[in-house]
Amino acid sequence: MNVLTLSKGGKLHWVIVIVLVLAFPPPFKTVESLFFNITNFNDPESASDMAYEGDGKVTDGSIQLNIVNYYFRVGRAYYSQPLHLWDPSSGILTDFTTRFVFTIDKANKSDTTYADGFAFYLGPRGYEIPPNAAGGTFALFNNTFNSFLPQNHVVAVEFDTFVGSIDPPMQHVGIDNNSLISAKTAKFDIDKNLGNKCHTLITYTASNKTLTVYWSFNGTPAMPNSNSNSSLSCQIDLMKMLPEWVEVGFSASTGIDTEYNIIHSWEFTSTLNSNASTNSTDVTNNGKHKGSKTVILVVVVTCATVLGVVMLSVTAWVLAKKRRGNFGDNNEKDEHGSTLVKFDLDRETMPRRFDYKELIASGRRTYHDGEFHVPLTNWVWPLYVEGNVLDAADERLNNEFDLDQMRSLLIVGLWCTHPNDKERPKAEEVIKVLKLEAPLPVLPLDMRQDHPPSPPPLMLRQPSHSFQSTPITNSFASVGR
Numbered sequence: 001m002n003v004l005t006l007s008k009g010g011k012l013h014w015v016i017v018i019v020l021v022l023a024f025p026p027p028f029k030t031v032e033s034l035f036f037n038i039t040n041f042n043d044p045e046s047a048s049d050m051a052y053e054g055d056g057k058v059t060d061g062s063i064q065l066n067i068v069n070y071y072f073r074v075g076r077a078y079y080s081q082p083l084h085l086w087d088p089s090s091g092i093l094t095d096f097t098t099r100f101v102f103t104i105d106k107a108n109k110s111d112t113t114y115a116d117g118f119a120f121y122l123g124p125r126g127y128e129i130p131p132n133a134a135g136g137t138f139a140l141f142n143n144t145f146n147s148f149l150p151q152n153h154v155v156a157v158e159f160d161t162f163v164g165s166i167d168p169p170m171q172h173v174g175i176d177n178n179s180l181i182s183a184k185t186a187k188f189d190i191d192k193n194l195g196n197k198c199h200t201l202i203t204y205t206a207s208n209k210t211l212t213v214y215w216s217f218n219g220t221p222a223m224p225n226s227n228s229n230s231s232l233s234c235q236i237d238l239m240k241m242l243p244e245w246v247e248v249g250f251s252a253s254t255g256i257d258t259e260y261n262i263i264h265s266w267e268f269t270s271t272l273n274s275n276a277s278t279n280s281t282d283v284t285n286n287g288k289h290k291g292s293k294t295v296i297l298v299v300v301v302t303c304a305t306v307l308g309v310v311m312l313s314v315t316a317w318v319l320a321k322k323r324r325g326n327f328g329d330n331n332e333k334d335e336h337g338s339t340l341v342k343f344d345l346d347r348e349t350m351p352r353r354f355d356y357k358e359l360i361a362s363g364r365r366t367y368h369d370g371e372f373h374v375p376l377t378n379w380v381w382p383l384y385v386e387g388n389v390l391d392a393a394d395e396r397l398n399n400e401f402d403l404d405q406m407r408s409l410l411i412v413g414l415w416c417t418h419p420n421d422k423e424r425p426k427a428e429e430v431i432k433v434l435k436l437e438a439p440l441p442v443l444p445l446d447m448r449q450d451h452p453p454s455p456p457p458l459m460l461r462q463p464s465h466s467f468q469s470t471p472i473t474n475s476f477a478s479v480g481r
């Protein structure tokens, strides 16, 4: 039988066409760039993609990163469209240039001290302000910052107005490579320039992986190789430090001392040349290109991959049709007497339906203890509060399971049953935690106060595997900040 006849209306034909279109990469180079130029943050057109977090807000057309009427404040402003930092297929890293004008000033002219400055940063998309990030952290780090996790990596240029215990003995501009201890620093002469506009230029050159900062208080744009501005540079391989797509913005925090951190304008330009063949084509001293074999290899591998995908798709289609043919008429009984419901809808577009006994076999409805039937959530939650969540694992497993995987599974299950549906995780968050690519959530211990759980049964508990994520309680709000 012709395979194509297995599909009603020739739908398999369209599946193959879609697979081919998606599988073949563009044969020519593509350029992915990010460009914006904002001179008034109230402008509904140029500033429409700006986003704010914490205290960050727009005042009189400029960004005020933090309020000055209270201690220990945090605030951010960032561009909501992400920057494509590097291309995984070609290994190309983008160049970028950004200019901005800012002002730092005392909250009150009579203040004898002020702190803590702000930072321009590049971080993972959706990187939120960490808990307890006030003080001298620029709202980018905290005392329990997990810098070993890729989703926490941050590269920043700090304009530090406070001399702390980990700082050089001066107010400074620093380049931070995933750490509050700057990799490179230079003097920041802010005391003489409080309230004056500082013109800043930051460039990243992918060819030599160099991040360079220029700044000037002389009223003119900072320029490379100019004697009228200060500069600082550092080699950082952003491809190793940051994910493919990143967020760019400004972040600030204050402690006991405070100050105004105001951004007046911001311009950003990047160009990522995603051309695998161009990138792999080198020129020898004789002027001959050496990339043709690489291009041919890429094409051959791509074609083979596409053919494999098509064959797998066709095979899966045939097996699915055969399997559906074994179900019989509507309301047919299976060998156990359970009813199998057969719908007249187009099954090619519907997910698989499970019969009642399959659903029962896949999990537990309740936890049984004598005459009591305690809902699973009400049983697991007290164990979580006590720090013994692994006691909820099915005793039939005989403790033969990966502790981290089981802990993630149970805590994510509780997270998904949060009484406030707005606090429940998204599918992508669930997947990352279950794959141990993201830290476990720290659920508030009073999360279910409005839904008091039933007392958990004690007789069937297994020995405790007490291990729980520690809530973040410490702060980097160090002395004097």
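The opening position of the sequence shown corresponds to residue 1 in the UniProt record's numbering, with each subsequent residue numbered one higher. C-beta atoms are modelled at their ideal positions from N, C-alpha and C, and glycine is treated no differently.
Cβ-based burial, residue i [other Cβ within 10 Å; buried from 16]
{"i": "HIS373", "result": "No answer about HIS373 holds up, because its pLDDT of 48 lies below 50 and its placement is not dependable."}
{"i": "LEU434", "result": "exposed"}
{"i": "SER159", "result": "Reading off the sequence, residue 159 comes out as Phe, not Ser. Flag for PHE159 reads buried."}
{"i": "CYS198", "result": "buried"}
{"i": "GLY56", "result": "buried"}
{"i": "ASP202", "result": "In the sequence as displayed, the identity of residue 202 is Ile instead of Asp. ILE202 comes out buried."}
{"i": "ILE166", "result": "exposed"}
{"i": "LEU93", "result": "buried"}
{"i": "PHE96", "result": "buried"}
{"i": "GLY75", "result": "buried"}
{"i": "PRO130", "result": "buried"}
{"i": "GLU437", "result": "exposed"}
{"i": "ASP60", "result": "exposed"}
{"i": "ALA392", "result": "buried"}
For residue i: DSSP bridge partner residues
{"i": "ASP105", "result": "TYR260"}
{"i": "ILE38", "result": "TRP266"}
{"i": "GLU32", "result": "LEU272"}
{"i": "ARG448", "result": "Note: ARG448 sits in no beta bridge, so no partner."}
{"i": "THR220", "result": "DSSP lists no partner for THR220."}
{"i": "ARG99", "result": "LEU201 and GLU267"}
{"i": "ASP87", "result": "ILE92"}
{"i": "SER62", "result": "THR59"}
Range covered by the beta strand (DSSP E) that runs through residue i
{"i": "SER251", "result": "245-253"}
{"i": "ALA427", "result": "Run containing ALA427: none in the beta strand (DSSP E); it sits in the alpha helix (DSSP H), 427-434."}
{"i": "ARG407", "result": "Where ARG407 is concerned, there is no enclosing beta strand (DSSP E), although the alpha helix (DSSP H) it sits in stretches over 403-416."}
{"i": "ILE202", "result": "197-205"}
{"i": "VAL213", "result": "210-216"}
{"i": "TYR52", "result": "50-54"}
{"i": "GLU158", "result": "155-160"}
{"i": "TYR121", "result": "117-124"}
{"i": "PRO82", "result": "74-84"}
{"i": "GLN235", "result": "230-235"}
{"i": "THR185", "result": "184-187"}
{"i": "ASN177", "result": "172-177"}
{"i": "LYS57", "result": "57-59"}
{"i": "ILE129", "result": "Segment: none, ILE129 is in no beta strand (DSSP E) and carries neither H nor E."}
Which listed residue (the options) has its alpha carbon closest to that of residue i
{"i": "PRO169", "options": "VAL155, LYS187 and HIS153", "result": "LYS187"}
{"i": "SER231", "options": "LEU242, LEU140, LEU180 and ILE175", "result": "ILE175"}
{"i": "ALA119", "options": "SER110, TYR70 and SER182", "result": "SER182"}
{"i": "ASN388", "options": "LEU410, GLU423, THR185 and ARG396", "result": "LEU410"}
{"i": "ILE256", "options": "VAL68, ASN273, MET50 and GLU386", "result": "VAL68"}
{"i": "PRO224", "options": "THR205, GLY75, TYR70 and GLU423", "result": "THR205"}
{"i": "THR258", "options": "ALA392, ASN273 and THR112", "result": "THR112"}
{"i": "GLY41", "options": "LYS192, LEU65, GLU32 and GLY54", "result": "The sequence given here places Phe at residue 41; Gly does not occur at that position. Closest option to PHE41, Cα to Cα, is LEU65."}
{"i": "TRP381", "options": "PHE401, GLU395, THR417 and LYS106", "result": "THR417"}
{"i": "LYS109", "options": "LEU436, SER80, ASN229 and LEU194", "result": "LEU194"}
{"i": "PHE36", "options": "LYS432, PRO419, TYR79 and SER90", "result": "TYR79"}
{"i": "PRO44", "options": "VAL58, LEU436 and PHE401", "result": "VAL58"}
{"i": "GLY117", "options": "GLU400, ILE262, ASP394 and LEU440", "result": "ILE262"}
{"i": "ALA115", "options": "ALA107, TYR121 and LEU122", "result": "ALA107"}
{"i": "PRO439", "options": "SER265, ARG407 and ALA47", "result": "ARG407"}
{"i": "ASP49", "options": "PHE72, ASP60, ALA77 and HIS84", "result": "ALA77"}
{"i": "LEU211", "options": "PRO130, LEU238, GLU32 and LYS192", "result": "LEU238"}
{"i": "LEU445", "options": "ASN196, GLU386, GLY219 and SER89", "result": "GLU386"}
Extent of the continuous alpha helix (DSSP H) run through residue i
{"i": "LYS240", "result": "238-241"}
Inter-residue CB distance, residue i and residue j (contact presumed, cutoff 8 angstroms)
{"i": "ILE104", "j": "ILE190", "result": "6 angstroms"}
{"i": "TRP245", "j": "PRO82", "result": "4 angstroms"}
{"i": "ALA156", "j": "SER253", "result": "About 12 angstroms; that fails the 8 angstroms criterion."}
{"i": "residue 502", "j": "MET241", "result": "Nothing about residue 502 can be read from this structure; the chain reaches only from 1 to 481."}
{"i": "THR200", "j": "PHE138", "result": "With 8 angstroms as the limit, THR200 and PHE138 do not qualify as a contact, their Cβ atoms being about 15 angstroms apart."}
{"i": "VAL430", "j": "VAL412", "result": "6 angstroms"}
{"i": "VAL173", "j": "VAL213", "result": "6 angstroms"}
{"i": "THR98", "j": "GLU247", "result": "Going by Cβ atoms, the distance from THR98 to GLU247 rounds to 13 angstroms, so no, they are not a contact pair."}
{"i": "HIS84", "j": "PRO124", "result": "The pair is not a contact, with the Cβ atoms about 13 angstroms apart (cut-off 8 angstroms)."}
{"i": "HIS264", "j": "PHE72", "result": "In fact, because the Cβ distance is near 25 angstroms, the residues do not count as touching under 8 angstroms."}
{"i": "LEU390", "j": "SER33", "result": "Actually they do not touch by this definition, with Cβ atoms about 49 angstroms apart."}
{"i": "THR185", "j": "GLN171", "result": "Contact flag wrong, Cβ pair sits at about 10 angstroms."}
Heavy atom of the ligand GTP within 6 angstroms of residue i beta-carbon
{"i": "PHE96", "result": "Here there are no bound small molecules, and the ligand GTP is not part of this structure."}
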